[in-house]
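Participant: In our numbering, the protein residues as written are 17 to 104.
1. On a Cα-Cα basis, can you pick out the residue from 57, 20, 74 that is closest to residue 95?
2. Does the stretch 59-76 come into contact with the stretch 39-49, if we say contact requires no fewer than three beta-carbon pairs (one atom in each stretch) closer than 8 Å?
3. Counting C-beta neighbours from all protein chains within 10 Å, is the total for residue 35 16 or more, i.e. buried, or is it exposed?
4. Please report the Cβ distance between residue 13 and residue 91, rounded to the nearest whole angstrom; I am assuming they are in contact, meaning their Cβ atoms lie under 8 Å.
5. Straight-line CA distance for residue 61 to residue 98?
6. Round the Cβ separation of residue 75 and residue 87 to the nearest angstrom and send it over; I've been treating them as touching at under 8 Å.
7. Is there a Cβ of chain D sitting closer than 8 Å to that of residue 101, yes or no?
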């Protein structure tokens, strides 16, 4: 007669543990991934990516599309290398 109570307690405890683990994972993993992305976005490659995008836009405004395309290619290179947040 003591077995069903023990089984119920065990199932309840495991259910609470599983729900707690899933909740913690759902909360902390996105926060962790966001922090990693912020670190990557502060890297030298991502700073250069944003700078080259601005320079490319400036060259395009001046009418020099060849220079703008070259600088844009450099920006894309740094974007891929740094795994930056896309702004182009």
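In this text, a Cβ means the ideal position worked out from N, Cα and C, and glycines have one as well.
Facilitator: Let's see:
1. Answer by Cα proximity: 57.
2. With a cut-off of 8 Å, the stretch 39-49 and the stretch 59-76 do not count as touching, because too few Cβ pairs lie within range.
3. With fewer than 16 other Cβ atoms from the protein chains shown falling within 10 Å of its own Cβ, residue 35 counts as exposed.
4. Since the first and last residues shown for the chain are 17 and 104, residue 13 lies out of range.
5. Those two C-alpha atoms are separated by around 5 Å.
6. So it is a contact: roughly 6 Å between Cβ atoms.
7. No chain D is present in this structure, which holds just one protein chain.
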